[in-house]
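Everything below concerns the one structure shown next.
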Amino acid sequence: MTTTEPQVAASLRPRASRVLAAWHETGRSDIDGHLATHGSMPLPRRRDGAWADRLVEDVGAAGLTGRGGAGFPTARKLQSVRSGHRHPLLAVNAMEGEPASHKDRALLSGVPHLVLDGAELVATAIGAREIAVCVADDRNDSAKCVRTALSERARAGLSRLPTRVMRPPGRYVTGEESALVAWLAGGAAHPQFRATKGTPLTIRRQPVLVQSAETLAHIALIARHGPEWFRSVGPPDAPGTCLVTVSGPVANPGVCEVELGTPMATILERAGITAPVSALLVGGYGGTWLRSGLLHTPYAPGPLKTVACAVGAGVLAAIPTSSCGVSETARVATYMANESAGQCGPCVFGLHAVAQDLVQLARGENDSQALNRLTLRLGTVEGRGACGHPDGVVRLVRSALSVFAGDFADHARHRPCTGWNHRPILPVPPSAATAVGRWR
Amino acid sequence: MPIASFSYRLRVNPIACDAFGYCAELIPEIVLRDEWGYPILREGPIPPRLFELAQRAVRECPRRALFIERIASTGP
Chain A
6 MTTTEPQVAA SLRPRASRVL AAWHETGRSD IDGHLATHGS MPLPRRRDGA
56 WADRLVEDVG AAGLTGRGGA GFPTARKLQS VRSGHRHPLL AVNAMEGEPA
106 SHKDRALLSG VPHLVLDGAE LVATAIGARE IAVCVADDRN DSAKCVRTAL
156 SERARAGLSR LPTRVMRPPG RYVTGEESAL VAWLAGGAAH PQFRATKGTP
206 LTIRRQPVLV QSAETLAHIA LIARHGPEWF RSVGPPDAPG TCLVTVSGPV
256 ANPGVCEVEL GTPMATILER AGITAPVSAL LVGGYGGTWL RSGLLHTPYA
306 PGPLKTVACA VGAGVLAAIP TSSCGVSETA RVATYMANES AGQCGPCVFG
356 LHAVAQDLVQ LARGENDSQA LNRLTLRLGT VEGRGACGHP DGVVRLVRSA
406 LSVFAGDFAD HARHRPCTGW NHRPILPVPP SAATAVGRWR
Chain P
79 MPIASFSYRL RVNPIACDAF GYCAELIPEI VLRDEWGYPI LREGPIPPRL
129 FELAQRAVRE CPRRALFIER IASTGP
C-alpha cells in the first residue's frame, strides 16, 4: 500500500494559485483557512431555479472541461442530469487509480473544503439530495481528511446536503465512472458495457453525476468569481488552471497548479530538473511518451493533441537519460495487464501478451519476431474492450515504440541495456496488491 | 438532401463474449477471430446478402453477446 500523504510541491508557488490558494496562502487545510481565503460559498437559501440556471451557464461560459481525464465540457454534463424527473446522486470522484497521480490526495489533504463547496453547489444546482465522496479503500489518509472537513462544516452550519464518504476498492479501473456507479449500486466495481457511448449512468433509474474532485474545486471558484475571472488565465480555447503531478529527476516532485498553456519544459524547470530528461510520460499510464525535443509544447489540449498527447490525469512523469524507456514501459504494461477487470477477452489475454512481449524485449530474451508480434497485437487489442483500459495500454506502448525506437531496436537485437535491473522510475504498485481479485 | 436510409452492423458486447466462436463459423466474411479466439468484427454495414446469417449468429450465440445495430446512412 502506498499511503504516504503526498505533498503539494512547496516551492512551486505558482503565478496562478487558484484551487490551491488557501493552502498556499494560509498553510492550513481547515475551514478557517478556507473561509479566510475564499469566503463562504454562494449558495442560495432555498431551491432557486434561476440560480441553478446561472451556475450552469457560468460554468459553460467559463469553458471549464472535466479535469478527471476525458476533458468533456462540464456544463453539458451538468445539463444532462438536470432534465430528468428524479433527483440525481452526485458522486465525487477522488479515486485516483493512476499510480503516478497525486492530485486527488493533494486536493483532499490541502483544500478539502473547496472540493466540498463545489460538490454542494453542483448538487444543489442539479437537484441532488445527497453526495457520495468516493475515496479508494487504500487511501485512509484522504478519507480521514474528508471526514474531518465534513465535521468542521457541520459544526459551522455550512453543510446542507447529507454527504457520505464511500470507499470503493482501490484499483486502476475502479474510478472509471461506469465502474464507480456499478459499485455504488451494490455490485462489483467493474466497468460496464454501454452499447451507446455516453448513455447516462443510473442506479435503479436514479441518474448519477460523476464529477472529479478537481472539476468541483474549479466550479466552487467559478461560482464565486464568475466566468470572466476563470477565463483570465490560460488560452481562450482551454482557459483556467489545472493540477499536474510532476515526477522524475526533479528537486520538488509533487502536485502543482499551472495555467493551461504553460510549456511543459517550464513546468519541469519550476520543479527543478536535476538530470537530463530522455522522455516525458504525459497523462498517465494510459497516456503517451513525449520525446524530450518536444518539451516546449504548451500544456493544453490543442497543442498536446498535435504531439499525440492528452492532459489525461494530469501526470507529467519525466525519466532521466540514464533510465531505460523499454523497461519502464514493460513494467507499467505488466501492471496495467494485472489491473484488467478480467471481463473482456481482448483485454485479459491481449494485455498480458503485450506485456510479456515487452518484458522479453526489455530483458533481451526475445526471438527475432518479438517487435513485429508486439506491433500486430497492439492492433488486435485496440478498441475491443468495454472500457478504455486496453486502449490506454495500446496508446502507451505505441508511443514507446516511437519515442524509444532506437532502444527497442537495440533490445530486439539481443542487446538489452541494464535498465531492467534498475530501480523503476515510474511507480508500479506491488503485485501482491494487484494479484488478489478485490473488486467489492 | 438525399433521402435517409438505414444500414445495419454487427456488434459484440465484449464483457458477455466468451469466445465460443459460432459467429466466426457462421459468417467468416464479417467475423474473424483473434489469436485467443475472440471475434474481430469487420467494420462497416452488413452486406444485405449476409443479413440473415448475421441474424442467425445473433440468435445462436451461447452468451447472447452479439447484437445488430441500426446505423444511419445517407442513401445511394
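In order, the protein sequence lines correspond to chains A and P. Start counting the first sequence at 6; every next residue gets the next number (our numbering). Start counting the second sequence at 79; every next residue gets the next number (our numbering). Where a beta carbon is used, it is the ideal one built from N, C-alpha and C, also for glycine.
Listed by chain order, chain P residues near residue i by CB distance under 8 Å
i                     : result
residue 348 (chain A) : 92 and 93
residue 385 (chain A) : 112, 113 and 118
residue 390 (chain A) : 92
residue 409 (chain A) : Result: empty, since nearest Cβ-Cβ is about 25 Å, beyond 8 Å.
residue 198 (chain A) : 91, 92, 93 and 94
7 Å CB neighbourhood of residue i in its chain, flanking five on each side removed
i                     : result
residue 128 (chain A) : 95, 136 and 166
residue 139 (chain A) : 96, 97, 98, 99, 100, 171, 173 and 185
residue 106 (chain A) : 250, 289, 318, 319 and 320
Beta-carbon contacts of residue i that lie in its chain and below 6 Å, excluding the five residues immediately before and after
i                     : result
residue 10 (chain A)  : For residue 10 (chain A), the predicted model reports a pLDDT of 41, less than 50, meaning its position is unreliable; a value from the coordinates is still stated below. 114 and 146.
residue 87 (chain A)  : 131
residue 425 (chain A) : 332, 367 and 368
residue 280 (chain A) : 254 and 325
residue 175 (chain A) : 141, 142 and 143
residue 15 (chain A)  : Reliability fails at residue 15 (chain A), whose pLDDT of 46 lies under 50, so the model's placement of it is uncertain and the value that follows must be treated cautiously. Cβ neighbours of residue 15 (chain A) beyond the five flanking positions: none.
Chain-ordered chain P contacts of residue i [CB-CB under 7 Å]
i                     : result
residue 351 (chain A) : 92, 112 and 116
residue 354 (chain A) : 114
Cβ distance (whole Å) where residue i is taken to contact residue j below 8 Å
i                     : j                     : result
residue 366 (chain A) : residue 417 (chain A) : 6 Å
residue 284 (chain A) : residue 296 (chain A) : 6 Å
residue 217 (chain A) : residue 50 (chain A)  : Actually they do not touch by this definition, with Cβ atoms about 28 Å apart.
residue 391 (chain A) : residue 196 (chain A) : 6 Å
residue 221 (chain A) : residue 120 (chain A) : 5 Å
residue 21 (chain A)  : residue 122 (chain A) : Their Cβ separation, rounded to whole angstroms, is 19 Å, which puts residue 21 (chain A) and residue 122 (chain A) out of contact at 8 Å.
residue 458 (chain A) : residue 400 (chain A) : The structure shown does not extend to residue 458 (chain A), since chain A is modelled only from 6 through 445, so no value can be given for it.
residue 23 (chain A)  : residue 250 (chain A) : Residue 23 (chain A) to residue 250 (chain A), Cβ: 17 Å. No contact.
residue 206 (chain A) : residue 182 (chain A) : 6 Å
residue 27 (chain A)  : residue 116 (chain A) : 5 Å
residue 127 (chain P) : residue 108 (chain P) : Actually they are not in contact, since the Cβ atoms of residue 127 (chain P) and residue 108 (chain P) sit about 11 Å apart, beyond 8 Å.
residue 353 (chain A) : residue 383 (chain A) : Not really, about 16 Å apart at Cβ, beyond 8 Å.
residue 260 (chain A) : residue 57 (chain A)  : With 8 Å as the limit, residue 260 (chain A) and residue 57 (chain A) do not qualify as a contact, their Cβ atoms being about 31 Å apart.
residue 356 (chain A) : residue 395 (chain A) : 6 Å
residue 447 (chain A) : residue 86 (chain P)  : Any property of residue 447 (chain A) remains undetermined from this structure, which presents chain A solely from 6 to 445.
Beta-carbon contacts of residue i that lie in its chain and below 8 Å, excluding the five residues immediately before and after
i                     : result
residue 76 (chain A)  : 70, 306, 315 and 316
residue 300 (chain A) : 268, 269, 270, 273, 282 and 285
residue 133 (chain P) : 146
residue 419 (chain A) : 369 and 371
residue 61 (chain A)  : 80, 83, 84, 87 and 130
residue 118 (chain P) : 109, 110, 111 and 112
(Q) If the cut-off is 8 Å on Cβ atoms, which residues from the stretch 133-149 of chain P count as contacting chain A, listed in chain order? (A) 145 and 147
Q | Under 9 Å (Cβ pairs) to chain A, residues found in the stretch 85-99 of chain P | A | 89, 90, 91, 92, 93, 94, 95, 96 and 97
Q. Is the stretch 302-313 of chain A touching the stretch 253-266 of chain A in the sense that three or more CB pairs, one from each, lie closer than 8 Å?
A. yes
Q. So does the stretch 321-329 of chain A actually touch the stretch 345-361 of chain A, counting three or more Cβ pairs closer than 8 Å?
A. no
Q: Decide if the stretch 141-149 of chain P is in contact with the stretch 94-105 of chain P; the criterion is three or more beta carbon pairs, one per stretch, under 8 Å apart.
A: yes
**Q.** the stretch 329-340 of chain A in contact with the stretch 425-433 of chain A per 3-pair CB rule at 8 Å
**A.** yes
(Q) Tell me which residues of the stretch 402-432 of chain A have at least one Cβ-Cβ distance to chain P shorter than 9 Å, keeping chain order. (A) none
Q: Report yes or no: do three or more beta-carbon pairs, one from the stretch 59-70 of chain A and one from the stretch 178-188 of chain A, lie closer than 8 Å?
A: no
Q: Spell out a yes or no on whether the stretch 102-116 of chain P and the stretch 144-164 of chain A are touching, meaning 3 or more CB-CB pairs, one atom from each, closer than 8 Å.
A: no
Q: Would you check if there are 3 or more beta carbon pairs closer than 8 Å linking the stretch 230-243 of chain A to the stretch 199-218 of chain A?
A: no
Q.
Any contact between the stretch 154-163 of chain A and the stretch 28-44 of chain A? By contact I mean 3 or more CB pairs, one from each, below 8 Å.
A. yes
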